[in-house]
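Student: Here's a structure for you.
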């Protein structure tokens, strides 16, 4: 959701190897923290509305995010660059976050995360349409491989098909849109500005959705729709603690991602983002007693292979793709 300023280098005066190691460790910290955030969300989804969670999560994350931006020296002056692109990026990220957690209310952590990791596929396709980037044979192969993985997990038309899986797929698409908008912004903005704009959009968006959808809950809705239609409620003391923990963990996670991509090359740290998936499987089993079925494991391997193939080909061609600005897949959460 935020991006490190590529002109900043937190470890410029340190040995390259030590700085790279610190970048990897920061990335691993982020992949450890974000699944905890997902567990909190999934737990709260049985009582709270998704827009209420989005609102309070953003309110509690704001001080942490501002402190992070101030630490990076990117808080002031604000660099908007382009209001249409800033708002497109923020609204797309908000939409991605919203439907991701609506999906999480109905399907497991591992399945939701695996489908959402198809974001690089959509980035590749959208970059060809809106940025005029050429898709070579290897990138087409990666796209087809990733799509096959998504189909294996989603299983459209099968008796076990869960419509919420399409929400996870929509989350990947929305986030790809936010990445493309960020690429168009380029160096006209900075991490502090994007952090502030995004969190404000989240707060406003959560409020608007609360006014529109609260009280529309039907007798026996789908869990994802119930998560959207539910009324706002007064949080109990333990709920406040969970919401505060949600904001703090997301703020720390964003900071860790920002530091990771400042301290090390994207081609080095990006593959470590996939360590999120084992944590999602572990927490899904420990907290909810759910393990992925075989089709999810197969689809997960295909999607991960697709993302790594895209990264490998772009690295070999000497490009700095979207992730050079610290925009990993986890950044939507």
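In this note's numbering, the protein residues as written are 9 to 341. By construction, the Cβ of each residue, glycine as well, lies at the ideal position given by its N, Cα and C atoms.
Quick one: does the C-beta of residue 149 sit closer than 7 angstroms to a heavy atom of the ligand GTP?
Tutor: No copy of the ligand GTP appears in this structure; indeed no ligand is present at all.
Student: Determine whether the beta carbon atoms of residue 255 and residue 117 lie at a separation below 8 angstroms.
Tutor: To locate residue 255, count along the chain shown from 1; it is residue 247. To locate residue 117, count along the chain shown from 1; it is residue 109. The answer is no: Cβ separation not under 8 angstroms.
Student: Helix, strand or coil for residue 45 per DSSP?
Tutor: Here residue 45 refers to the residue found at position 37 of the chain shown. If DSSP states are grouped into helix, strand and coil, residue 45 belongs with the helices.
Student: When the Cα atoms are used, what is the spatial distance from residue 110 to residue 201?
Tutor: Within the chain shown, the letter at position 102 stands for residue 110. Within the chain shown, the letter at position 193 stands for residue 201. In a straight line, the C-alpha of residue 110 is about 28 angstroms away from that of residue 201.
Student: Please identify the residue among 298, 301, 263 whose C-alpha is closest to the C-alpha of residue 42.
Tutor: On the chain shown, residue 42 is found 34 positions in, with the first residue counted as 1. Comparing Cα-Cα distances from residue 42 to each of 298, 301, 263, the minimum goes to 263.
Student: Out of curiosity, what's the CA-to-CA distance linking residue 119 and residue 259?
Tutor: For the purposes of this step, residue 119 is identified with residue 111 of the chain shown, where counting begins at 1. For the purposes of this step, residue 259 is identified with residue 251 of the chain shown, where counting begins at 1. Distance between the alpha carbons of residue 119 and residue 259 is about 24 angstroms.
Student: Mind reading off the beta-carbon distance from residue 1 to residue 158? Whole number of angstroms is fine, and I expect it under 8 angstroms.
Tutor: Limits of the chain in this structure are 9 at one end and 341 at the other, which puts residue 1 out of reach.
Student: Quick one: measure Cβ to Cβ for residue 60 and residue 214, integer angstroms, because I've assumed they're closer than 8 angstroms.
Tutor: Position 52 of the chain shown, counted from the first residue, corresponds to residue 60. Position 206 of the chain shown, counted from the first residue, corresponds to residue 214. Confirmed, about 7 angstroms.
Student: How long is the line joining the alpha carbons of residue 115 and residue 205, rounded to whole angstroms?
Tutor: The residue you call residue 115 lines up with position 107 of the chain shown. The residue you call residue 205 lines up with position 197 of the chain shown. Each residue's Cα considered, the two are about 30 angstroms apart.
Student: Would residue 30 and residue 271 be called neighbours here (beta carbons separated by less than 8 angstroms)?
Tutor: Here residue 30 is taken as the residue at index 22 of the chain shown, counted from 1. Here residue 271 is taken as the residue at index 263 of the chain shown, counted from 1. Cβ atoms of residue 30 and residue 271: closer than 8 angstroms.
Student: Spell out a yes or no on whether the region 229 to 247 and the region 125 to 138 are touching, meaning 3 or more CB-CB pairs, one atom from each, closer than 8 angstroms.
Tutor: Output reads no: the region 125 to 138 does not touch the region 229 to 247.
Student: So, for residue 249: in the same chain, excluding its five sequence neighbours on each side, which residues have a beta-carbon less than 8 angstroms away from its beta-carbon?
Tutor: Position 241 of the chain shown, counted from the start, is the residue given in the question as residue 249. Hits under 8 angstroms: none found.
Student: Using a 10 Å radius around the Cβ and a threshold of 16 neighbouring Cβ atoms, would you call residue 287 buried or exposed?
Tutor: The residue you call residue 287 lines up with position 279 of the chain shown. Residue 287 is buried by the Cβ-count criterion.
Student: Suppose the cutoff is 6 angstroms on Cβ atoms and the five residues either side in sequence are ignored; what does the same chain contact list for residue 221 look like?
Tutor: The residue labelled residue 221 in the question sits at position 213 within the chain shown. Same-chain partners within the cutoff: 236, 237.
Student: Kindly give me the distance between the Cβ atoms of residue 189 and residue 96, rounded to whole angstroms, as I take these residues to be in contact under 8 angstroms.
Tutor: To locate residue 189, count along the chain shown from 1; it is residue 181. To locate residue 96, count along the chain shown from 1; it is residue 88. Indeed, because the Cβ distance is near 5 angstroms, the residues count as touching under 8 angstroms.
Student: Note the first and the last residue of the continuous alpha helix (DSSP H) segment covering residue 286.
Tutor: As a working mapping, residue 286 is identified with position 278 in the chain shown. Residue 286 -> alpha helix (DSSP H) spans 284 to 296.
Student: Give the DSSP-derived three-state secondary structure of residue 248 in the structure shown.
Tutor: By 1-based counting over the chain shown, the position of residue 248 is 240. Residue 248 falls in the helix class under three-state DSSP.
Student: Could you compute how far the alpha carbon of residue 90 sits from the alpha carbon of residue 209?
Tutor: Taking the chain shown and counting its residues from 1, one reaches residue 90 at position 82. Taking the chain shown and counting its residues from 1, one reaches residue 209 at position 201. About 15 angstroms.
Student: At the level of alpha carbons, what is the spacing between residue 142 and residue 299?
Tutor: Translated into positions along the chain shown, residue 142 becomes position 134. Translated into positions along the chain shown, residue 299 becomes position 291. In a straight line, the C-alpha of residue 142 is about 39 angstroms away from that of residue 299.
Student: Near residue 136, what residues of its chain come up, given a Cβ to Cβ distance below 8 angstroms and the 5 sequence neighbours on each side ignored?
Tutor: As a first step, residue 136 must be located in the chain shown, where it is residue number 128. These residues qualify, in order along the chain: 142, 143.
Student: For residue 284, which residues of its own chain have a beta-carbon under 7 angstroms away from its beta-carbon, when the five flanking residues on both sides are left out?
Tutor: Stepping through the chain shown from its first residue, residue 284 is reached at position 276. Excluding residues within five positions, the ones whose Cβ falls inside 7 angstroms are 39, 42, 43, 121, 338.
Student: What residue range does the alpha helix (DSSP H) around residue 197 cover?
Tutor: As a first step, residue 197 is located in the chain shown; it is residue number 189 there, counting from the start. No alpha helix (DSSP H) holds residue 197; DSSP gives it neither H nor E.
Student: Please identify the residue among 152, 69, 196 whose C-alpha is closest to the C-alpha of residue 92.
Tutor: The count along the chain shown starts at 1 and reaches residue 92 at position 84. Here the closest residue by C-alpha is 196.
Student: Does the beta-carbon of residue 355 have 16 or more other beta-carbons within 10 angstroms, so that it is buried, or is it exposed?
Tutor: Outside the modelled stretch of the chain, which goes from 9 to 341, sits residue 355, for which no answer is possible.
Student: Under 8 angstroms by Cβ, that's how I've got residue 57 and residue 239 pegged, so tell me the actual separation to the nearest angstrom.
Tutor: Sequence index remark: in the chain shown, residue 57 carries index 49 (1-based). Sequence index remark: in the chain shown, residue 239 carries index 231 (1-based). Correct: roughly 7 angstroms between the Cβ atoms.
Student: Closest to residue 32 by CA distance: which of 72, 267, 48, 174 is it?
Tutor: On the chain shown, residue 32 is found 24 positions in, with the first residue counted as 1. Among 72, 267, 48, 174, the Cα nearest to that of residue 32 is on 267.
Student: Quick check: what's the CA-CA separation for residue 181 versus residue 104?
Tutor: Reading the chain shown from its first residue, position 173 is the one you call residue 181. Reading the chain shown from its first residue, position 96 is the one you call residue 104. If you take the alpha carbons of residue 181 and residue 104, they lie about 8 angstroms apart.
Student: Whole angstroms are fine: how far does the CA of residue 311 sit from the CA of residue 155?
Tutor: The residue you call residue 155 lines up with position 147 of the chain shown. The residue you call residue 311 lines up with position 303 of the chain shown. When rounded, the distance between both Cα atoms is 8 angstroms.
Student: Can you grab the Cα-Cα spacing for the pair residue 145 / residue 320, in whole Å?
Tutor: In the chain shown, the residue the question calls residue 145 occupies position 137. In the chain shown, the residue the question calls residue 320 occupies position 312. So the alpha carbons of these two residues sit roughly 14 angstroms apart.
Student: With H, G and I counted as helix, E and B as strand and the rest as coil, what does DSSP make of residue 87?
Tutor: Numbered from its first residue, the chain shown carries residue 87 at position 79. Residue state, collapsed to three classes: coil.
Student: Taking the alpha helix (DSSP H) that residue 232 falls in, what are its first and last residues?
Tutor: As a working mapping, residue 232 is identified with position 224 in the chain shown. Here the alpha helix (DSSP H) through residue 232 covers 231 to 237.
Student: Secondary structure at residue 116, three-state DSSP: helix, strand or coil?
Tutor: Within the chain shown, numbered from 1, the residue matching residue 116 stands at position 108. Residue 116: coil per DSSP, three-state reduction.
Student: Among 253, 203, 265, whose alpha-carbon lies nearest the alpha-carbon of residue 88?
Tutor: In the chain shown, the residue the question calls residue 88 occupies position 80. Residue 203 is the option with its Cα nearest to residue 88.
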